[in-house]
Every structure is written in C-alpha cells, then in structure tokens.
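Asker: Here this note's numbering is used: the first residue of the sequence shown is 62, the next is one more, and so on. Beta carbons: idealized from backbone N, C-alpha and C, even for Gly. One structure coming up, written as structure tokens, with questions to follow.
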Amino acid sequence: MRSEYFSAARSLVMGIGLCLNASFAAAESAHGIAMYGEPALDPGFTALPYANPEAPKGGRLVVGNTGGFDTLNPFAQKGTPPWQLRFWGYESLMGRSWDEPFTLYGLLAESINVPEDRSWVEFTLRPEARFSDGSSVTVEDVLWSYETLGTEGHLRYRGFWSKVAGIEQTGPRSLKITFNTEDRELALIAGMRPILKKAQWEGKDFAASGLSEAPIGTGAYVVSDFEPGRFVTLSRNPDYWGADLPLRRGMHNFDELRIDFFGDQTVLFEAFKAGELSAYREFNADKWKSAYDFPAVTDGDVVKSEIPHQRPSGMTGLAMNTRRAPLGDWRVREALILAFNFEYINGTVTGGIQPRITSYFSNSTLGMRDGPAPDEVRALLQPYADSLLPGTLEGYALPTSDGTKRNRRNLRRAVALLAEAGWTVQDGVLKNPDGQVLTLSVLLRQGDAEMKTIVEIYARALDRLGITITPELVDNAQYVARQSEFDFDLTRFRRDLSLSPGNEQKLYWGRAGVNQPGSRNLMGIDSPAAEAMIDQLLTSKSTDDFTAAVRALDRVLTAGRYVIPIWQYDKGRIAHKRQLAHPESLPIYGDRTGFFPDVWWHQPE
Numbered sequence: 062m063r064s065e066y067f068s069a070a071r072s073l074v075m076g077i078g079l080c081l082n083a084s085f086a087a088a089e090s091a092h093g094i095a096m097y098g099e100p101a102l103d104p105g106f107t108a109l110p111y112a113n114p115e116a117p118k119g120g121r122l123v124v125g126n127t128g129g130f131d132t133l134n135p136f137a138q139k140g141t142p143p144w145q146l147r148f149w150g151y152e153s154l155m156g157r158s159w160d161e162p163f164t165l166y167g168l169l170a171e172s173i174n175v176p177e178d179r180s181w182v183e184f185t186l187r188p189e190a191r192f193s194d195g196s197s198v199t200v201e202d203v204l205w206s207y208e209t210l211g212t213e214g215h216l217r218y219r220g221f222w223s224k225v226a227g228i229e230q231t232g233p234r235s236l237k238i239t240f241n242t243e244d245r246e247l248a249l250i251a252g253m254r255p256i257l258k259k260a261q262w263e264g265k266d267f268a269a270s271g272l273s274e275a276p277i278g279t280g281a282y283v284v285s286d287f288e289p290g291r292f293v294t295l296s297r298n299p300d301y302w303g304a305d306l307p308l309r310r311g312m313h314n315f316d317e318l319r320i321d322f323f324g325d326q327t328v329l330f331e332a333f334k335a336g337e338l339s340a341y342r343e344f345n346a347d348k349w350k351s352a353y354d355f356p357a358v359t360d361g362d363v364v365k366s367e368i369p370h371q372r373p374s375g376m377t378g379l380a381m382n383t384r385r386a387p388l389g390d391w392r393v394r395e396a397l398i399l400a401f402n403f404e405y406i407n408g409t410v411t412g413g414i415q416p417r418i419t420s421y422f423s424n425s426t427l428g429m430r431d432g433p434a435p436d437e438v439r440a441l442l443q444p445y446a447d448s449l450l451p452g453t454l455e456g457y458a459l460p461t462s463d464g465t466k467r468n469r470r471n472l473r474r475a476v477a478l479l480a481e482a483g484w485t486v487q488d489g490v491l492k493n494p495d496g497q498v499l500t501l502s503v504l505l506r507q508g509d510a511e512m513k514t515i516v517e518i519y520a521r522a523l524d525r526l527g528i529t530i531t532p533e534l535v536d537n538a539q540y541v542a543r544q545s546e547f548d549f550d551l552t553r554f555r556r557d558l559s560l561s562p563g564n565e566q567k568l569y570w571g572r573a574g575v576n577q578p579g580s581r582n583l584m585g586i587d588s589p590a591a592e593a594m595i596d597q598l599l600t601s602k603s604t605d606d607f608t609a610a611v612r613a614l615d616r617v618l619t620a621g622r623y624v625i626p627i628w629q630y631d632k633g634r635i636a637h638k639r640q641l642a643h644p645e646s647l648p649i650y651g652d653r654t655g656f657f658p659d660v661w662w663h664q665p666e
C-alpha cells in the first residue's frame, strides 16, 4: 500500500499535480480551523492569549515521574516511554490553542483547505519547517509519517488511518487527504499527527521498542542525555525553526527540561521537598492543605499555585473489567458501587474537600443533566432502549451515604441486588449457586499509596457483604502489560476528557477495543448505544446537536456502571520554586500540558 501511495504522489506532481476537481478548487485556504464556527484568533494574531511573548529564555526545569521507561519512541505500541516526550519534542501540521474547545492553527503547515462537508483536507507546508537535524520537512516525510503511524504505530493513531481513502501530493509543498466516512473531526485530527523523518527509519523496524535512538522530531526540544530508569534530559534546540511563529511565541522558555524517575509518589514528593525537583503537581486537596508546611514553603522558596480550569471532570476511579464474571452483570457492579462509601472515604483521604465525579463529562456544559433524559437526548437513545441499562433514560445518580462508617442503607441495597444476581452469604462468604466464592483483586502500580489506602478502606465494607477484595501492587512493566492484556478484576482508571470529544471516544469506549490487546477500553464496554452516540457526535453539524449527542453518551456510560468514581480534580495545584513564573492570563483548559510547562519561564532573580 505504501508504494502505491508514494507512486501516486510522484505521478501527480510530475504529471497533473495542478489539476484539481471542482470541489477541491472551491475550498479556500485558511490559517486555522475550528470544530464548530470560526477560529477565535484572526490571521494576524501575534501570540496565543495565554502566552507571554516577552518571557525570558533560560533556566532549567526538573520534574518527576514514577515507574520507569524502556523506550525513547513515544509513537510505537511496544514499550513504555516517558509520557512527556511526545509533547516536548514533536510537532504536527497544525497546533492547538488551549483557550478554545477545539481550534487548530498552522504550525508545520502554513495553511489548511477543507470543503463544506469536510470530506477531505489539504495542507500546505511552510518552506521554513525543519527537523531538529536541520533538514527540511518534505511532503514525502508527511506521507510516510501518516502511513507508518497508521499501520505500525501506537493504537491511538491507527483508527484515523482506517478512515483515510487516499493521501496524495498535490504540489511541491502540499498534500491532500481524502476520507472514506462522514466525520467532521477528521480534518482536525489529520492536522494533529506528529511528523517524523522518513530517512531515519530506512532499513529499521519502526515498531520495535528500545533506547538506541529517539525519533528525530520538529519540536523545540531534543533528547540530549538519559540513563535507563533514572532520568531523561531534553535541551532546547537553539536553531529551532518555529521560535518566531505566532503559535510558538512566548513558549518553550526553558533551556533544559529534565525528567527524574522515582519508585513511588512518596519518594518523588520527598525529592521535591529536598529541592531536587522544580515543581510538583498535587492531586490531593487535603495534602495540599496539610503537607506543605516544610521549610522551603514557609521560607518562600516554594510557591503554591492554584490553576482553575473549565474542562470536564473526566473519569477517575476503579474500572471494573466486564470481560470477567461476575463483573459482566450490571447488578453486581451496582452493588460494588453502593458498597463504596464515597463520603466516608473522601473525608478520610482528602478531608472531604474534593467534589465527587458525577458523570464522565460533569463540571461542564456537556455533562448529562439530572432526572429523565430531555426530549433531544431521549430521541437519540430511544432506538437502543432495549439495550440500555436501568436509569439511562429515567435518570441515574451515584448513591450517597450519610458519611458514617457503616453505610447501612446502601449495603442493604447492595445485598438485595447481589441476591437478584444469584449471590448470597453462605458461611460468612458470598457465593453463587455453584458454590463459587466472590473474591476480587485490584491491579495497582507500586507506589500508588493513595489508591491502596482507598482499596483498604473499601475492603472493610465489602467484607461485611462476604466479598474479599485485595490490592495487588506490581512494578511499572507488569502494570502496563497486564492492563494491555486486560489481566485484572479492577484497576485504577483515569481518563481526561475535553470540551470537544471526538474520535478518541471510540478508543476509550468503542466495541472494537473489547478484545483488542492494548486498547484503552479497559472496562470492555460493548454498547451499541455508546457506539451510535459517538457516531452522532462525529457527524453533528451544529453545537446543539453535538451537545445532545455527548450528553446522551454520558448517560450511557454513567448508567453502565463501569467505573467506581472517586473525586474530581476541580483545579490544578502546582507547587514550584519561586523562580518559576507563568502568565496571568489562563486558558480554559487550565493546567494541562500546553500550559505547564509550555508557557512558564524561569524568572532571573
């Protein structure tokens, strides 16, 4: 297939490269593209609204990761890379503004063309675009990157490639991608694929994982040093080609970015307290209040910054693997949710400060509304009524307790549901008619002290139901491998969601991922209604229709009882050395990558 594409591209350029069909010629070149409406920034914008064009350059930022890494290739399926690499060293044809729900502006590409129906997209490369080794980014590099990532790369890139009908060169610096399905988001997704250098991989296996070399990128940083299991250092490229682009002005201000690795979060935090790290992201509101009284804070050497955001809560909690009995029975899952005494656990672990996640898109306009489904949402779900779980149409809310340790009312409801599902207490343990005992384990990464504490509290409640549940802590490599093979009963789950959900929803909840090793559908969701709602949101042409589709999907997922939700991270909490500074203007996506560390800088004293 690769040779066919490249052969077609060469023929087109050498022969009839400028002959375009009528619909192609009717499209107009633009500096950016929005999922709905027009980009907020006009063609003459000079910098992103949350960047400081006058930010000083220099300094060093050191952050910490837990676990380890065994590859420097963040684009292959095999291996565990430092997650930051794909954000810090590589760029795409278009770049995102984190102050808009989903808008892209030209990065490696100087312009984008799409027809009204977005059945294809054309990009024109900037003549000055360069790889970090100084070589030009060519159309051939782009064509190779799309196909290689789509066929040999990480699973997150392959879904897009399956929707490409053709890709071809249309001029010395331009290419056109035609799609085989109706999906308004595809033109934007096409603009976000990382572009790699074809010549680097000639005669090499791209899919192989290892530490021998990192892919050559187009970003401001390159890997300059590393030691397996200990650290990775990236240095700012002094010849970075895009430093003066409006989309990059005021960004990439540190001369050096270093990632240090630690065995667990406790050791990582102690390293920060000792001054070994520049910044630490805190997820526990109670700890934020009580654990930051060490000398560096009281002396003013460390500053606590709170970064608000407007993005959805996403989902954090314990994912239940529905591929395994009895977790395939919604009544058992509901019983496990009832037994999870959130109010008591939240009070114990976070001081009761952080609000609970109530649905996948809660804390945003896209979240499902309380009570019965409104007419526009019901109309979308009604064709799938027979497959919907109780509460989807009528209204579903997570159970609440009185905050006491006993949680009697919810445990009684859990007992009744378990009995309906055929599980009763016999000789002090819960058994089914075949005498099978209900025992569960929770797969956790070593060092996940917070979730281990949660599971231990939860275990005492389940013991009253005759259920045994135990945390199973494994090293990073085992954790990743077992999640990839769905070798768990329950596991820690975190899925960030945006204000513009799209094709990634199929990766998260799509039926194709139920039996696909390495898929992000950890719960094994197999729902025709969820699949249809994702299709609906991908083809919606108005904001109202899109919102209805997302709210319908939110209902299907929430009433599906696939995750035991915990608390949401309603604001970013970053403790950092006082020399670090950020712009006063904050994007709607708050503390996400794209804000920290991209627009932060080291303030000379």
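If G290 and N113 are in contact, beta carbons under 8 angstroms, what's the gap, nearest whole angstrom?
Answerer: Actually they are not in contact, since the Cβ atoms of G290 and N113 sit about 36 angstroms apart, beyond 8 angstroms.
Asker: Work out the CA separation of G496 and L427 for me, nearest whole Å.
Answerer: Roughly 45 angstroms separates the two Cα atoms.
Asker: Within 10 angstroms of its Cβ, does W628 collect 16 or more other Cβ (buried), or is it exposed?
Answerer: buried
Asker: Around the C-beta of Q415, are 16 or more other C-beta atoms found within 10 angstroms, so that it is buried, or is it exposed?
Answerer: buried
Asker: Among residues of its own chain, excluding the 5 on either side of S423, which ones have a beta-carbon nearer than 6 angstroms to its beta-carbon?
Answerer: If we look at S423 and ignore the five residues flanking it on each side, its Cβ neighbours are S374.
Asker: Helix, strand or coil for P356 per DSSP?
Answerer: For P356, the secondary structure class from DSSP, reduced to helix, strand or coil, is helix.
Asker: Run through DSSP, which three-state label would L329 get?
Answerer: helix
Asker: I need the DSSP call for F148, collapsed to helix, strand or coil.
Answerer: F148 falls in the helix class under three-state DSSP.
Asker: Taking the alpha-carbon positions, what's the V516 to I530 distance?
Answerer: 8 angstroms
Asker: Identify the continuous alpha helix (DSSP H) that holds Q566 and give its terminal residues.
Answerer: 565 to 570
Asker: Considering only DSSP beta bridges, list what K237 is partnered with.
Answerer: E183, E229
Asker: Three or more beta-carbon pairs under 8 angstroms between the stretch 269 to 284 and the stretch 296 to 316, yes or no?
Answerer: As far as the Cβ criterion goes, the stretch 269 to 284 touches the stretch 296 to 316, which means the pair count is three or higher.
Asker: Thinking C-alpha only, which one of R219, G621, D488 is nearest A396?
Answerer: G621
Asker: Would you give the residue range spanned by the alpha helix (DSSP H) that L472 belongs to?
Answerer: According to the DSSP assignment, L472 belongs to the alpha helix (DSSP H) that extends over 469 to 481.
Asker: Roughly how many angstroms lie between the CA atoms of T411 and R634, to the nearest whole one?
Answerer: 14 angstroms
Asker: Kindly indicate which three-state DSSP category K513 falls into: helix, strand or coil?
Answerer: helix
Asker: Can you check which of these residues, L146, T127, G125, A95, is closest to P135 by C-alpha distance?
Answerer: The closest CA to that of P135, considering only L146, T127, G125, A95, is found on L146.
Asker: Classify R245: buried if its beta carbon has 16 or more other beta carbons within 10 angstroms, exposed otherwise.
Answerer: Taking all protein chains shown into account, R245 has 16 or more neighbouring C-beta atoms within 10 Å of its C-beta and is therefore buried.
Asker: Quick one: measure Cβ to Cβ for L169 and V200, integer angstroms, because I've assumed they're closer than 8 angstroms.
Answerer: Not confirmed; about 11 angstroms, so no contact.
Asker: Could you tell me which of R309, F287, L308, L318 sits nearest to R297, measuring between CA atoms?
Answerer: L318
Asker: My assumption, with CB atoms under 8 angstroms, is that V490 sits in contact with V498. Please give the rounded CB distance.
Answerer: Confirmed, about 5 angstroms.
Asker: Taking all protein chains shown into account, decide if N82 is buried (16 or more other Cβ within 10 angstroms of its Cβ) or exposed.
Answerer: Below a pLDDT of 50, predicted positions are generally treated as unreliable, and N82, at 41, falls in that range; no measurement from the model is reported.
Asker: How long is the line joining the alpha carbons of K638 and E645, rounded to whole angstroms?
Answerer: In a straight line, the C-alpha of K638 is about 17 angstroms away from that of E645.
Asker: For the alpha helix (DSSP H) containing I627, list its first residue and its last residue.
Answerer: Neither: I627 is in no alpha helix (DSSP H) and is coded neither H nor E.
Asker: Quick one: what does DSSP say T209 is sitting in, helix, strand or coil?
Answerer: The answer is helix: DSSP assigns T209 an H, G or I state.
Asker: Closest by CA to G214, which one among K118, R653, A477, A137?
Answerer: If we check each option's Cα against that of G214, A137 comes out closest.
Asker: For Q597, does the three-state DSSP call read helix, strand or coil?
Answerer: helix
Asker: With DSSP run on the structure shown, which of helix, strand or coil describes T500?
Answerer: strand
Asker: Using the C-alpha atoms, what's the distance from S425 back to H207?
Answerer: In the sequence as displayed, the identity of residue 207 is Tyr instead of His. Answer to the nearest angstrom: the Cα atoms are 33 angstroms apart.
Asker: Using 8 angstroms as the Cβ pair cut-off and three pairs as the minimum, do the stretch 343 to 358 and the stretch 117 to 136 touch?
Answerer: no
Asker: If you run the structure through DSSP and keep just helix, strand and coil, what is R506?
Answerer: strand
Asker: Find out if the Cβ-Cβ distance for the pair R556, Y569 is shorter than 7 angstroms.
Answerer: yes
Asker: In angstroms, rounded to a whole number, what distance separates the CA positions of S561 and F355?
Answerer: 40 angstroms
Asker: Can you list, in chain order, the residues of its chain whose CB lies under 8 angstroms from that of V535, leaving out five sequence neighbours each side?
Answerer: L504, L505, R506, Q507, R543
Asker: Let me confirm a value: G585 is counted as buried when at least 16 other C-beta atoms fall within 10 Å, else exposed. Which label applies?
Answerer: buried
Asker: Buried or exposed: A269, going by 16 or more other Cβ atoms within 10 Å of its Cβ?
Answerer: Looking at its Cβ environment, which holds fewer than 16 other Cβ atoms inside 10 Å, A269 is exposed.
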